[in-house]
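Trainee: Sharing a structure with you now.
Number of protein chains: 2
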Amino acid sequence: MKLSARKLRILQAIIDDYIRSAEPVGSRTLAKKYELGISSATIRNEMSDLEEMGFLEQPHTSAGRVPSDKAYRLYVDKLMKVRSLDQREAEYIKETYESTIDQIEQIIFHTAEILSEVTNYTSLAMAPRLNKVMIRHIQLVQVDEELALLLIVTSSGILRDTLIRIPEGINNDYLSRVSNILNEQFRGKTIDQINTEEISSTWDKFLKNRKFLSSLLDILIQRFRESEKREVYLGGTTNIFNFPEYQDIIRAQSFLNLMEEKDLLYDILANSAEDGVWVSIGSENSYDELHDCSIVTATYSLEDRVLGTIGLIGPTRMEYSKAVSVMDYMGKALSRYLTKLYGR
Amino acid sequence: MKLSARKLRILQAIIDDYIRSAEPVGSRTLAKKYELGISSATIRNEMSDLEEMGFLEQPHTSAGRVPSDKAYRLYVDKLMKVRSLDQREAEYIKETYESTIDQIEQIIFHTAEILSEVTNYTSLAMAPRLNKVMIRHIQLVQVDEELALLLIVTSSGILRDTLIRIPEGINNDYLSRVSNILNEQFRGKTIDQINTEEISSTWDKFLKNRKFLSSLLDILIQRFRESEKREVYLGGTTNIFNFPEYQDIIRAQSFLNLMEEKDLLYDILANSAEDGVWVSIGSENSYDELHDCSIVTATYSLEDRVLGTIGLIGPTRMEYSKAVSVMDYMGKALSRYLTKLYGR
DNA sequence: GTTTAGCACTCAACAAAGGAGAGTGCTAAC
DNA sequence: GTTAGCACTCTCCTTTGTTGAGTGCTAAAC
Numbered sequence: 001m002k003l004s005a006r007k008l009r010i011l012q013a014i015i016d017d018y019i020r021s022a023e024p025v026g027s028r029t030l031a032k033k034y035e036l037g038i039s040s041a042t043i044r045n046e047m048s049d050l051e052e053m054g055f056l057e058q059p060h061t062s063a064g065r066v067p068s069d070k071a072y073r074l075y076v077d078k079l080m081k082v083r084s085l086d087q088r089e090a091e092y093i094k095e096t097y098e099s100t101i102d103q104i105e106q107i108i109f110h111t112a113e114i115l116s117e118v119t120n121y122t123s124l125a126m127a128p129r130l131n132k133v134m135i136r137h138i139q140l141v142q143v144d145e146e147l148a149l150l151l152i153v154t155s156s157g158i159l160r161d162t163l164i165r166i167p168e169g170i171n172n173d174y175l176s177r178v179s180n181i182l183n184e185q186f187r188g189k190t191i192d193q194i195n196t197e198e199i200s201s202t203w204d205k206f207l208k209n210r211k212f213l214s215s216l217l218d219i220l221i222q223r224f225r226e227s228e229k230r231e232v233y234l235g236g237t238t239n240i241f242n243f244p245e246y247q248d249i250i251r252a253q254s255f256l257n258l259m260e261e262k263d264l265l266y267d268i269l270a271n272s273a274e275d276g277v278w279v280s281i282g283s284e285n286s287y288d289e290l291h292d293c294s295i296v297t298a299t300y301s302l303e304d305r306v307l308g309t310i311g312l313i314g315p316t317r318m319e320y321s322k323a324v325s326v327m328d329y330m331g332k333a334l335s336r337y338l339t340k341l342y343g344r
Numbered sequence: 345m346k347l348s349a350r351k352l353r354i355l356q357a358i359i360d361d362y363i364r365s366a367e368p369v370g371s372r373t374l375a376k377k378y379e380l381g382i383s384s385a386t387i388r389n390e391m392s393d394l395e396e397m398g399f400l401e402q403p404h405t406s407a408g409r410v411p412s413d414k415a416y417r418l419y420v421d422k423l424m425k426v427r428s429l430d431q432r433e434a435e436y437i438k439e440t441y442e443s444t445i446d447q448i449e450q451i452i453f454h455t456a457e458i459l460s461e462v463t464n465y466t467s468l469a470m471a472p473r474l475n476k477v478m479i480r481h482i483q484l485v486q487v488d489e490e491l492a493l494l495l496i497v498t499s500s501g502i503l504r505d506t507l508i509r510i511p512e513g514i515n516n517d518y519l520s521r522v523s524n525i526l527n528e529q530f531r532g533k534t535i536d537q538i539n540t541e542e543i544s545s546t547w548d549k550f551l552k553n554r555k556f557l558s559s560l561l562d563i564l565i566q567r568f569r570e571s572e573k574r575e576v577y578l579g580g581t582t583n584i585f586n587f588p589e590y591q592d593i594i595r596a597q598s599f600l601n602l603m604e605e606k607d608l609l610y611d612i613l614a615n616s617a618e619d620g621v622w623v624s625i626g627s628e629n630s631y632d633e634l635h636d637c638s639i640v641t642a643t644y645s646l647e648d649r650v651l652g653t654i655g656l657i658g659p660t661r662m663e664y665s666k667a668v669s670v671m672d673y674m675g676k677a678l679s680r681y682l683t684k685l686y687g688r
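Sequence order for the protein chains is F and X. Residue 45 in this note's numbering sits at position 45 of the first sequence, and the numbers go up by one each step. Every number in this note's numbering is 344 more than the matching position in the second sequence, counting from 1.
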């Protein structure tokens with residue numbers, strides 16, 4: 001069977017209506033509300049065809065029909081008109097960025113909050129993958145007799161540091177010699193590329209303070225490990241209660257429990273598109289728990305390195321056109337903002 | 345009317361039973377399950393008295409009875425036996441502390457997670473109030489031609505830092521002169537005690553780079569402001585679904601929404617006891633939204649300065665004896681751990 | 001004076017029964 | 001190919017009993 005223009009029009013009307021109302025759509029409603037120029041009986045016949053073709057589903061015999069995941073996919077790919085973002089919303093996003101602080105993690109966290117505010121969906125934001133970023137500078141700074149600070153600066157200005165205790169009798173000169181060696185070893189590499197054994201052997205130059213030096217290395221490595229931490233920030237988790245499909249306590253709970261599985265969420269974001277906006281609908285998701293959710297993601301970058309992904313999650317009956325336009329805008333705005341702050 | 349020993353025994357039995365079952369307790373159940381040595385009719389009479397005295401409430405005529413907030417208060421103050429913590433749980437807490445990282449905020453966050461794991465309640469943890477902590481050292485470190493790092497070390501080793509851009513032609517010497525001045529101004533003060541105007545006038549010594557210096561000051565002040573940030577970490581928010589009283593979607597939602605109001609939660613923690621464990625039951629809470637929750641808090645300290653508060657929140661039908669013992673243990677364990685890490 | 005057995009009464013919770021309403025599929029006519 | 005009409009289906013809601021746990025009261029027993 002072919003998807004005639006009329007069938008498409010009807011399908012579009014059903015999807016639009018269902019996205020708005022969350023109620024199965026019947027032929028009579030359709031005939032009355034949308035100016036399709038055909039009677040409900042004709043619509044019934046067409047709907048029957050659409051069901052046979054897998055675009056519609058019936059919760060039970062005497063209910064209206066509901067779009068299938070396949071229908072949403074068609075909608076997203078062909079039918080939907082992606083509006084560009086509302087002037088007011090774009091303005092709002094811009095403004096909030098201007099007033100934020102400059103720690104990269106905080107910016108991402110804040111981004112998640114804005115996303116959920118603007119869309120009323122639950123938002124996800126993956127912390128930047130700093131292990132893809134080059135180390136630019138490592139330095140030990142003496143704070144006082146007991147303490148020194150170990151600094152790691154990456155090529156994008158992102159910073160890690162740790163306060164460490166130093167043994168007695170170590171002075172600033174000594175620390176800067178150590179710094180130089182560390183720099184030789186690390187500079188220009190990404191965290192992924194570091195070879196710890198090689199470094200360890202370098203310490204042989206230093207006869208004294210072996211213990212201190214190797215603990216220093218431990219700390220460094222630990223800090224690098226942390227950068228690989230698969231952190232996900234969430235926004236608007238309780239927005240899910242706004243949707244009638246989550247009025248059921250069991251479903252709401254299982255959704256919220258899912259949102260606590262940061263590792264899984266991270267995987268979802270990490271496995272979405274490599275660049276740009278990406279939509280995954282219901283059963284397209286590789287995780288069972290998400291079979292009645294849809295996810296819209298966008299990547300964000302610093303200069304032209306993709307650092308991470310942000311996303312929205314909601315019922316399959318999602319306002320895709322809005323979600324896609326917001327994500328598109330947001331991914332770009334965030335990238336611009338990061339590049340402005342940390343780019344060269 | 346006097347609270348006879350028998351009335352107390354009955355009340356205790358009712359509270360114990362209700363805490364376990366969440367079902368109104370009837371006289372027959374009581375007579376059968378607990379060896380009180382009296383018949384259900386006698387218990388009925390006593391229960392009627394207890395209701396008159398305000399210790400019991402009846403959801404409706406033909407239901408059993410439920411302890412009132414007043415009863416829980418009596419229970420917490422007089423009746424309950426505070427067990428010391430289960431060996432296994434104490435062990436578990438100790439172990440997890442040993443494997444954590446050393447950023448103070450992370451430790452606190454992790455504490456919240458442990459708390460909710462051990463108790464199955466929702467946990468709260470207030471970030472440390474660093475504005476009560478003395479500034480020990482401020483330093484500017486040059487990273488390369490464009491960037492420098494501004495460091496603030498407090499008396500308890502807690503660190504804040506920011507990467508800043510420096511104007512051309514500024515060298516390390518210059519930065520260390522500036523550092524010295526900043527140190528003169530700030531060292532030994534708490535963040536609360538800083539007088540920004542006084543500092544601003546100090547810049548007059550420097551003819552060049554006024555703009556850089558004043559932006560530096562802005563950043564410093566901003567960082568201090570951040571330290572006053574009223575941050576609260578949560579653990580186990582979805583644990584609330586385990587309780588039958590939150591099977592109702594409206595109540596669950598309003599609870600979860602409440603948990604998003606970080607400012608309010610911060611206030612609650614900040615206004616609990618100044619030191620040690622504290623219990624607030626139902627209507628004792630000053631916020632309406634919490635009238636059917638109870639909160640158990642404990643403070644944590646570094647050396648002997650109280651830095652913040654951790655807490656548990658759950659239905660008034662809470663296992664107070666467990667909650668109190670866990671909070672007591674945890675407050676102390678956290679303080680010990682912080683002191684070990686950051687104390688002198 | 002307490003304690004207890006017995007009984008009438010109350011009320012929520014559950015289940016069954018009976019519309020009402022929305023929607024479908026089919027048929028026959030246009 | 002389109003449409004009106006009608007029988008049929010199925011959920012949802014309301015109504016109506018029924019059950020069971022629990023109470024309060026009274027009168028007898030201790």
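Don't be surprised by glycine CBs; every beta carbon is placed ideally from N, CA and C. The structure presented is a predicted model; accordingly, all values stated were derived computationally and were not measured.
Buried or exposed, going by whether 16 or more other CB atoms sit within 10 Å of the CB of F:Tyr246?
Mentor: F:Tyr246 is buried by the Cβ-count criterion.
Trainee: With a CB to CB cut of under 7 Å and the five nearest residues on each side skipped, what residues in its chain are close to F:Ser325?
Mentor: Closer than 7 Å at the Cβ level, and outside the excluded window around F:Ser325, lie Val82, Arg83, Ser84, Leu85.
Trainee: Between the alpha carbons of X:Leu374 and X:Gln356, how many angstroms are there, rounded?
Mentor: Going from the Cα of X:Leu374 to the Cα of X:Gln356 covers about 11 Å.
Trainee: Please report the straight-line C-alpha distance between X:Leu335 and X:Val623, rounded to a whole angstrom.
Mentor: With chain X running from 345 to 688 in the structure shown, residue 335 of chain X is simply not present.
Trainee: Using the Cα positions of F:Leu36 and F:Lys2, report the straight-line distance between them to the nearest angstrom.
Mentor: Computed Cα separation, rounded: 19 Å.
Trainee: Which parts of the region 101 to 150 of chain F are runs of the alpha helix (DSSP H), unbroken and 4 residues or longer, counting only runs that do not cross its ends?
Mentor: Counting only runs of 4 or more, we get 104 to 119.
Trainee: Cβ of X:Glu449 within 9 Å of Cβ of X:Ala471?
Mentor: Yes.
Trainee: Could you check what DSSP says for X:Ala366 in three-state terms: helix, strand or coil?
Mentor: X:Ala366: coil per DSSP, three-state reduction.
Trainee: For F:Glu319, count neighbouring Cβ atoms within 10 angstroms of its own Cβ and tell me buried if that reaches 16, exposed if not.
Mentor: Buried: at least 16 other Cβ atoms inside 10 Å.
Trainee: Determine, using beta carbons only, whether F:Asp161 comes closer than 9 Å to chain X.
Mentor: Yes, its Cβ sits closer than 9 Å to a Cβ of chain X.
Trainee: Residues of chain X with CB closer than 7 Å to the CB of F:Leu149, please, in chain order.
Mentor: The contacting residues are Leu495.
Trainee: Closest by CA to X:Met391, which one among X:Pro403, X:Arg432, X:Gly655, X:Ser371?
Mentor: Nearest option by C-alpha distance: X:Ser371.
Trainee: Determine, using beta carbons only, whether F:Thr238 comes closer than 9 Å to chain X.
Mentor: Taking Cβ atoms only, chain X reaches closer than 9 Å to F:Thr238, which makes this a yes.
Trainee: Check the Cβ-Cβ distances between X:Ile535 and every residue of chain F, and say whether any is below 9 Å.
Mentor: Closer than 9 Å: no.
Trainee: Quick check: X:Lys693 and X:Asp361, are their CB atoms within less than 9 Å of each other?
Mentor: Absent from the model: residue 693 of chain X. The displayed extent of chain X is 345 to 688, so no value can be given.
Trainee: Quick check: what's the CA-CA separation for F:Ile15 versus F:Tyr72?
Mentor: Looking at the two C-alpha atoms, the distance is approximately 8 Å.
Trainee: Where does the unbroken alpha helix (DSSP H) through X:Thr660 begin, and where does it stop?
Mentor: Taken as a continuous stretch (DSSP letters only), X:Thr660 belongs to no alpha helix (DSSP H), as it is neither H nor E.
Trainee: At 9 Å on the CB atoms, spell out the chain F contacts of X:Ala385, in chain order.
Mentor: None at all; the shortest Cβ gap to chain F is about 39 Å.
Trainee: F:Ser335 to F:Gln222, Cα distance in whole Å?
Mentor: Rounded to the nearest angstrom, the two C-alpha atoms are 28 Å apart.
Trainee: Restricting to Cα atoms, I'd like to know which of X:Asn516, X:Ile482, X:Pro511 is closest to X:Glu528.
Mentor: Closest option to X:Glu528, Cα to Cα, is X:Ile482.
Trainee: As an exercise, report each continuous alpha helix (DSSP H) stretch of at least 4 residues that is fully enclosed by the region 219 to 285 of chain F, in chain order.
Mentor: If we require 4 residues or more, the alpha helix (DSSP H) runs fully inside the region 219 to 285 of chain F come out as 249 to 260, 262 to 270.
Trainee: Note down, one range per segment and in chain order, each beta strand (DSSP E) of at least 3 residues found wholly within the region 411 to 447 of chain X.
Mentor: None, since the region 411 to 447 of chain X contains no complete beta strand (DSSP E) of that length.
Trainee: Suppose you measure from the CA of X:Lys414 to the CA of X:Gly398; what does that come to, to the nearest Å?
Mentor: Approximately 7 Å between the Cα atoms of the pair.
Trainee: What is the DSSP secondary structure of F:Arg187, counted as helix, strand or coil?
Mentor: Correct three-state label for F:Arg187: coil.
Trainee: Could you pull the DSSP bridge partners for X:Arg409 from this structure?
Mentor: Answer by DSSP bridge pairing, in chain order: X:Val369.
Trainee: Answer yes or no: do X:Ile452 and X:Thr534 have a C-beta to C-beta separation smaller than 9 Å?
Mentor: No, the Cβ-Cβ distance between X:Ile452 and X:Thr534 is not below 9 Å.
Trainee: Can you give me the C-alpha to C-alpha distance between X:Asp636 and X:Ile625, rounded to a whole angstrom?
Mentor: Straight-line Cα distance between these residues: approximately 8 Å.
Trainee: Quick one: which chain F residues come within Cβ less than 8 Å of X:Asn527?
Mentor: Neighbours of X:Asn527 on chain F: none; closest Cβ ~11 Å, over 8 Å.
Trainee: Could you tell me whether the Cβ of X:Phe399 comes closer than 9 Å to any Cβ of chain F?
Mentor: Chain F, which has no Cβ nearer than 9 Å to the Cβ of X:Phe399, makes this no.
Trainee: For F:Arg305, which of F:Thr196, F:Ser155, F:Pro167, F:Ser21 has the nearest alpha-carbon?
Mentor: Checked all of F:Thr196, F:Ser155, F:Pro167, F:Ser21; the closest Cα to F:Arg305 is F:Ser155.
Trainee: Could you check whether the Cβ of F:Ile249 sits closer than 9 Å to any Cβ belonging to chain X?
Mentor: Output row for F:Ile249: interface = yes.
Trainee: Express the C-alpha separation of F:Thr316 and F:Asn242 in angstroms, rounding to a whole number.
Mentor: Their backbone Cα atoms lie some 14 Å apart in a straight line.
Trainee: Might you give, ordered along the chain, the residues of its own chain that have their beta carbon closer than 8 Å to the beta carbon of F:Gly331, omitting 5 neighbours on each side?
Mentor: The answer, listed in chain order, is Gly276, Val277, Ala298, Thr299, Tyr300, Ile310.
Trainee: Taking a contact to mean a Cβ-Cβ separation below 9 Å, would you say F:Phe224 touches F:Ile194 in this structure?
Mentor: Yes.
Trainee: Does chain F have any CB closer than 9 Å to the CB of X:Val522?
Mentor: So, not an interface residue.
Trainee: Can you find the residues in the same chain that come closer than 8 Å, C-beta to C-beta, to F:Ser214, ignoring five residues on each side of it along the sequence?
Mentor: So the qualifying residues of the chain are Ser200, Trp203.
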